[in-house]
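All residue numbers in the sequence shown are consecutive under this note's numbering, ending with 123. In this text, a Cβ means the ideal position worked out from N, Cα and C, and glycines have one as well. Computed from a predicted structure; not experimentally measured.
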Amino acid sequence: MEERQARTAFAALSQETRLRIVRLLVQAGPDGMAAGAIAEAVEVSPSNVSFHLKDLEHAGMIVPRREARSIIYSADFTGLSDLIAFLMKDCCAGHPEICAPALADARCGPSTAKKKARA
């Protein structure tokens, strides 16, 4: 990930509703959620959530897909991983083992994250 892309992603995530949406979609996993369900979960109007979803899609944090008449949004786990890798690249003054726990958590994916949460 280039610095310009990282700045765009951080700008998108710096807004409260958009951060809540991304966290919600990370929890939903690859199945994702319909826009209406997202709006209800984060307690904003459908038009408001559409605005935020477009910004997050542009930033590479979520991906839409059409299922029948609905658009389902999912977290873009590749984009999120790339953002984390951008932050952690060249970390720890030559001691990458310090960063290993953070990188392992970033790679866990939705199913592993759920298992960790239950443990």
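How long is the line joining the alpha carbons of residue i and residue j, rounded to whole angstroms?
i	j	result
Tyr-43	Leu-28	According to the sequence displayed, residue 43 carries Ala and not Tyr. Looking at the two C-alpha atoms, the distance is approximately 11 Å.
Val-53	Thr-12	19 Å
Ala-121	Ser-51	Residue placement at Ala-121 is poorly supported in this model, since its pLDDT is 40, which falls under 50; the coordinates are not used for a value here.
Leu-17	Glu-101	28 Å
Ala-104	Met-5	19 Å
Phe-14	His-62	12 Å
Gly-59	Leu-23	With the sequence shown as reference, residue 59 is identified as Asp, and Gly is not the correct amino acid for it. In a straight line, the C-alpha of Asp-59 is about 11 Å away from that of Leu-23.
Ala-72	Arg-8	35 Å
Met-37	Gln-31	10 Å
Ile-75	Leu-84	21 Å
His-99	Pro-68	38 Å
Thr-116	Cys-95	Its pLDDT being 41, under 50, Thr-116 is placed unreliably by the model, and nothing is read from it.
Lys-93	Arg-70	35 Å
Ala-108	Ile-88	11 Å
Would you list the residues sitting across from residue i in a DSSP beta bridge?
i	result
Ala-79	Ile-66
Ala-38	Ile-76
Glu-71	Ser-74
For residue i, which of the options has the nearest alpha-carbon?
i	options	result
Gln-19	Ala-32, Glu-7, Leu-57, Arg-8	Leu-57
Val-48	Tyr-77, Asp-80, Ile-25	Ile-25
Thr-82	Glu-7, Pro-34, Phe-55	Pro-34
Glu-21	Ala-32, Phe-55, Ile-75	Looking at the sequence itself, residue 21 is Thr, so the reference to Glu does not match. Among Ala-32, Phe-55, Ile-75, the Cα nearest to that of Thr-21 belongs to Phe-55.
Quick one: measure Cβ to Cβ for residue i and residue j, integer angstroms, because I've assumed they're closer than 8 Å.
i	j	result
Ala-10	Phe-90	5 Å
Asp-80	Met-65	6 Å
Tyr-77	Ala-45	Contact flag wrong, Cβ pair sits at about 12 Å.
Flag residue i as yes when its Cβ comes closer than 7 Å to any non-hydrogen atom of the ligand FAD, and as no otherwise.
i	result
Val-46	Absent from the structure shown: the ligand FAD. Ligands present: none.
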